[in-house]
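Trainee: Have a look at this one before I ask anything.
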Amino acid sequence: MRIQLLDLQKQYEEIKKETDEAVINVVSSGAYIMGPNVKSFESEFAQYIGVKHAISVGNGTDALVIALKAMGIGQGDEVITTAYTFFATAEAISFVGAIPVFVDVCLDTYNIDATKIEEKITSKTKAIMPVHIFGLCADMDEINKIAKKHNLYVIEDACQAAGAVYKGKRAGALCDIACFSFFPTKNLGCAGDGGMITTYNDELAVICKALRVHGSGEMGQRAYNLLNNISAEVEEDTASDNTVYNAKKYYNYLIGHNSRLDEIQAAMLRIKLKKLDEYISKRRKNAVFYTEKLKNSGKYVTPIEEANNLHAYHQYILQSEHRETIITELEKKGIGTGIYYPIPLHLQKCYNSLGYKAGDLPNAEYLSHRTFAIPVFPELSKDEADYIVKALLEE
Ligand SMILES: Cc1ncc(COP(=O)(O)O)c(C=O)c1O
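Positions 623 to 1017 (the numbering used here) are the ones given, in order, by the sequence shown.
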């Protein structure tokens, strides 16, 4: 049997008819940039998450960069984040000129240890950026409490957590601003790159909308006025054509980006968003099955389920001190695995200049030698899950 860590073709097969139709409709419409699918997807996503604004962008990394810039975070500022995440979390902080300040994680949730945040706050700290790693929300109540006490922004890196629910609210609706990735492997993935920023805050939404398109047009002007305390009326942009010609595009108010969600990706994401809860419940069913079979085996540490914190299982992570042998044996049996993450961010070469050393964040370092992911994607069959469990118990 051959089981990939994630089988994207299986998911496509299930929605092939609608997806093919939607893609052809976009291609034949000639409306390729900021078209009707992008607009509809933004409002459908905002409604799904439960926020006022959803601003689509080119990818999750840009979402983080634009969110940070919208908050005025830049040169010399410090942003507190986790060391155990995908690189883009810290990269976005560095990209705007700020300094990522790494905090260790909890050994059971893999999320930032909120009890270790306050000791890292300095006069330069501007924000806390928790990551809902592997699809489980960070300790947001505690993080928001600390942020309020110290007057800091909170930015959720929800790139892995579309569909997760924390105390009745969805990931992406838990603080000032949140960022999502629609990279194909994500719980809600497109056929290329895509991202989204969500917020309740009207002003941040305007600035993000301006920054994603060169700081130009109506939103550029609105953002400029906001940032400069100008109360003048701004004319609404009613242009129907953003693909061939929109006269307002050539008036620039901020230095921004070109980071738009593609119309074809938006069309596909609209189809998948309707199925997201079903995808999550299938992921969860697979996860519950694995945990049930493996937790008492004495061979693996299985993921924890927290009350009032619905895990979206972007990844199903096991821990073992024999990780390398196990993944080699699984590979021989045709089972795909992945190591998330082999090097915690404070020890990445590119961050040498920040001065961290081995031993500084012991939990992240310990986990980086033990964790690995097994297939948990929604379309995994019962036979495949049985086969994986059997292989794991034989190791
Ligand atoms: C935690 C986290 N942050 C940020 C990103 C960046 O997203 P993207 O690849 O869409 O730029 C990803 C995913 O790749 C991620 O997993």
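Note that the Cβ used here is the ideal one computed from N, Cα and C, for glycine as well.
These numbers were taken from a predicted model, which means no experiment stands behind them.
Alpha carbon to alpha carbon, how far is L940 from K639?
Mentor: Numbered from its first residue, the sequence shown carries residue 940 at position 318. Numbered from its first residue, the sequence shown carries residue 639 at position 17. Cα to Cα, L940 sits roughly 36 Å from K639.
Trainee: Could you spell out the range, first to last residue, of the beta strand (DSSP E) harbouring T641?
Mentor: Counting from one through the sequence shown, the residue named residue 641 turns up at place 19. The continuous stretches of beta strand (DSSP E) do not include T641, which lies in the alpha helix (DSSP H) extending over residues K638 to S651.
Trainee: Between the C-alpha atoms of Q697 and Q937, what's the straight-line distance to the nearest angstrom?
Mentor: Working through the sequence shown from its first residue, we reach residue 697 at position 75. Working through the sequence shown from its first residue, we reach residue 937 at position 315. Taking the straight line joining both Cα atoms gives about 34 Å.
Trainee: To the nearest whole angstrom, what separates the beta carbons of A879 and I688, a pair I think is in contact under 8 Å?
Mentor: The count along the sequence shown starts at 1 and reaches residue 879 at position 257. The count along the sequence shown starts at 1 and reaches residue 688 at position 66. A small correction: the amino acid at residue 879 is His; Ala does not occupy that position in the sequence shown. Right, their Cβ atoms sit about 7 Å apart.
Trainee: Any chance the CB of F999 is under 7 Å from a heavy atom of ligand 1?
Mentor: The residue given as residue 999 occupies position 377 in the sequence shown. No, ligand 1 has no heavy atom inside 7 Å of this Cβ.
Trainee: I want to check one thing, is the minimum distance from the CB of V648 to the heavy atoms of ligand 1 below 7 Å?
Mentor: The residue labelled residue 648 in the question sits at position 26 within the sequence shown. No, Cβ of V648 sits at least 7 Å from all heavy atoms of ligand 1.
Trainee: With DSSP collapsed to three states, give me the class of T747.
Mentor: Working through the sequence shown from its first residue, we reach residue 747 at position 125. It is a strand residue.
Trainee: Any heavy atom of ligand 1 closer than 7 Å to the CB of T821?
Mentor: Against the sequence shown, residue 821 aligns to sequence position 199. Because no heavy atom of ligand 1 lies under 7 Å away, the Cβ of T821 does not count as near it: no.
Trainee: When you compare the stretch 661-672 with the stretch 789-809, are there three or more beta-carbon pairs, one atom per stretch, that lie closer than 8 Å?
Mentor: yes
Trainee: Within the 8 Å Cβ cut-off, does D815 reach chain B?
Mentor: The displayed structure is made up of one protein chain only, and chain B is not part of it.
Trainee: Report the rounded CA-to-CA distance for V727 versus A980, giving the unit in angstroms.
Mentor: For the purposes of this step, residue 727 is taken as residue 105 along the sequence shown, with counting starting at 1. For the purposes of this step, residue 980 is taken as residue 358 along the sequence shown, with counting starting at 1. The straight-line gap from Cα to Cα measures roughly 15 Å.
Trainee: Three-state secondary structure (DSSP) at N850?
Mentor: In the sequence shown, residue 850 corresponds to position 228, counting from 1. Of the three classes helix, strand and coil, the one that applies to N850 here is coil, per DSSP.
Trainee: Could you tell me how far apart the beta carbons of V1011 and K917 are, in whole angstroms, since I believe they sit closer than 8 Å?
Mentor: Looking up residue 1011 in the sequence shown gives position 389. Looking up residue 917 in the sequence shown gives position 295. Not confirmed; about 12 Å, so no contact.
Trainee: Please report the residue range of the beta strand (DSSP E) in which H675 lies.
Mentor: In the sequence shown, residue 675 corresponds to position 53, counting from 1. H675 to V679 is the extent of the beta strand (DSSP E) around H675.
Trainee: What ranges does the beta strand (DSSP E) occupy inside the stretch 916-955, keeping only unbroken runs of at least 3 residues that lie completely in it?
Mentor: 938-941
Trainee: With hydrogens ignored, establish whether the beta-carbon of L774 is closer than 7 Å to any heavy atom of ligand 1.
Mentor: As a position in the sequence shown, residue 774 is number 152, starting the count at 1. No, since every heavy atom of ligand 1 falls outside the 7 Å radius drawn around the Cβ of L774.
Trainee: In angstroms with no decimal places, state the Cα-to-Cα distance between T608 and I721.
Mentor: Summary: the structure shown does not reach residue 608, with the chain confined to residues 623 through 1017, and so no result is reported for it.
Trainee: State whether the stretch 646-661 contacts the stretch 864-873, with contact taken as three or more CB pairs (one from each stretch) at a distance under 8 Å.
Mentor: Contact check between the stretch 646-661 and the stretch 864-873: three or more CB pairs, one atom from each, fall below 8 Å, which counts as touching.
Trainee: Work out the CA separation of A714 and L983 for me, nearest whole Å.
Mentor: If you number the sequence shown from 1, residue 983 lands on position 361. If you number the sequence shown from 1, residue 714 lands on position 92. Taking the straight line joining both Cα atoms gives about 21 Å.
Trainee: Can you round the beta-carbon distance between I768 and I755 to whole angstroms, since I take them to be within the 8 Å contact cut?
Mentor: As a first step, residue 768 is located in the sequence shown; it is residue number 146 there, counting from the start. As a first step, residue 755 is located in the sequence shown; it is residue number 133 there, counting from the start. Not quite, the Cβ-Cβ distance comes to about 19 Å (not below 8 Å), so this is no contact.
Trainee: Which residue or residues does DSSP assign as beta-bridge partners of K791?
Mentor: Position 169 of the sequence shown, counted from the start, is the residue given in the question as residue 791. DSSP output for K791 lists Y788 as bridge partner(s).
Trainee: Figure out for me which residue from G842, E825 and N850 has the closest Cα to the Cα of E858.
Mentor: Translated into positions along the sequence shown, residue 858 becomes position 236. Taking only the C-alpha atoms, the option nearest E858 is G842.
Trainee: Tell me whether the beta-carbon of G1024 lies closer than 8 Å to the beta-carbon of P997.
Mentor: Because the chain is modelled from 623 through 1017, residue 1024 falls outside the range shown and cannot be assessed.
Trainee: In angstroms with no decimal places, state the Cα-to-Cα distance between G920 and Y788.
Mentor: As a position in the sequence shown, residue 920 is number 298, starting the count at 1. As a position in the sequence shown, residue 788 is number 166, starting the count at 1. Taking the straight line joining both Cα atoms gives about 30 Å.
Trainee: For I695, does the three-state DSSP call read helix, strand or coil?
Mentor: Translated into positions along the sequence shown, residue 695 becomes position 73. Assigned with DSSP and collapsed to three states, I695 falls in coil, not helix or strand.
Trainee: By Cβ distance, which residues of its chain are closer than 7 Å to V718, with the 5 residues on each side in sequence left out?
Mentor: Residue 718 sits at position 96 when you count from the first residue of the sequence shown. The beta carbon of V718 sits closer than 7 Å to those of V687, L690, K691, I695 and G696, all from its chain and outside the five residues before and after it, given in chain order.
Trainee: Can A832 and L810 be called in contact, C-beta distance under 8 Å?
Mentor: Here residue 832 is taken as the residue at index 210 of the sequence shown, counted from 1. Here residue 810 is taken as the residue at index 188 of the sequence shown, counted from 1. Not a contact, by the Cβ cut-off of 8 Å.
Trainee: Going by DSSP in three states, D884 sits in which element: helix, strand or coil?
Mentor: In the sequence shown, the residue the question calls residue 884 occupies position 262. Of the three classes helix, strand and coil, the one that applies to D884 here is strand, per DSSP.
Trainee: If we require 3 or more residues per run, which beta strand (DSSP E) segments fall completely within the stretch 698-785?
Mentor: 700-704, 721-725, 747-751 and 775-779
Trainee: I'd like to confirm something about F717: is its beta-carbon nearer than 7 Å to some heavy atom of ligand 1, or not?
Mentor: Taking the first residue of the sequence shown as 1, we reach residue 717 at position 95. No, the Cβ of F717 stays beyond 7 Å of every heavy atom of ligand 1.
Trainee: Is there at least one non-hydrogen atom of ligand 1 closer than 7 Å to the beta-carbon of G757?
Mentor: The count along the sequence shown starts at 1 and reaches residue 757 at position 135. Flag unset: Cβ of G757 not near ligand 1.
Trainee: Output needed for Y822: all residues of its chain with C-beta closer than 6 Å, excluding positions within five of it in sequence on either side, in chain order.
Mentor: Mapped onto the sequence shown, residue 822 falls at position 200. V673 and K674.
Trainee: How many whole angstroms separate the CB atoms of A736 and H968, which I take to be in contact at a CB cut-off of 8 Å?
Mentor: Position 114 of the sequence shown, counted from the start, is the residue given in the question as residue 736. Position 346 of the sequence shown, counted from the start, is the residue given in the question as residue 968. Not confirmed; about 18 Å, so no contact.
Trainee: Assuming contact is defined by CB atoms lying nearer than 8 Å, are Y604 and T924 in contact in what I supplied?
Mentor: Nothing about residue 604 can be reported from this structure: the residues present for the chain run from 623 to 1017 only.
Trainee: Return the chain-ordered list of same chain residues with a C-beta closer than 7 Å to the C-beta of A644, the five sequence neighbours on each side being excluded.
Mentor: Stepping through the sequence shown from its first residue, residue 644 is reached at position 22. Counting only Cβ-Cβ distances below 7 Å, and skipping sequence neighbours, we find A889, M890 and I893.
Trainee: State the DSSP-derived secondary structure class of V660, mapped to helix, strand or coil.
Mentor: By 1-based counting over the sequence shown, the position of residue 660 is 38. Helix, per DSSP.
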